[in-house]
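>
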Amino acid sequence: MKKTSVKLILSFMAFLAVNMWLIAKGVAKGSANFFISPTVEETILFILLQLFVIVVYFIHPLTIKKSKIIYWSVSEAFVFATVFFWGIFIVGPIWFD
1087 MKKTSVKLIL SFMAFLAVNM WLIAKGVAKG SANFFISPTV EETILFILLQ LFVIVVYFIH
1147 PLTIKKSKII YWSVSEAFVF ATVFFWGIFI VGPIWFD
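Laid out in structure tokens, this is it:
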């Protein structure tokens, strides 16, 4: 269970980092320079978050089925919450503009 907790903490830290980045970009939107469009930037962040979740899992993979289920469900909930909140709820469906 200790390994599961560490993996969940890492997943949560990645979730917080992506959300804090998006909050900072949202606050500075009026004066920020976007080298790429916000849609591309958000998509890259969503992909990086998902890749981080996958990489964390495959470093010393979990062996107990219950731990695997807990890790994947909680981590994917973090990813889904981020994509839904920033990609759909806040700015509308960003990929359909």
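The opening residue of the sequence shown carries number 1087 in my numbering; numbering runs sequentially from there.
Glycine included, every Cβ here is placed at the ideal spot set by N, Cα and C.
These numbers come from a predicted model, not from an experiment.
Pairs of beta-carbons, one from the stretch 1167–1174 and one from the stretch 1094–1112, closer than 8 Å: are there three or more?
The answer is yes - the stretch 1094–1112 touches the stretch 1167–1174, with three or more Cβ pairs under 8 Å.
> Looking at the structure shown, is I1129 part of a helix, part of a strand, or coil, going by DSSP?
According to the sequence as given, residue 1129 is Thr; it is not Ile. Looking at T1129 - three-state DSSP - the assignment turns out to be helix.
> Return the residue from the list L1108, F1164 and Y1157 that minimises the CA-CA distance to M1087.
Nearest C-alpha to M1087: Y1157.
> Whole-angstrom Cβ separation of L1096 and V1142, contact assumed at under 8 Å?
With 8 Å as the limit, L1096 and V1142 qualify as a contact, their Cβ atoms being about 5 Å apart.
> One question on the structure: do A1163 and F1138 come within less than 7 Å of each other, judged by their Cβ atoms?
Contact flag unset, no.
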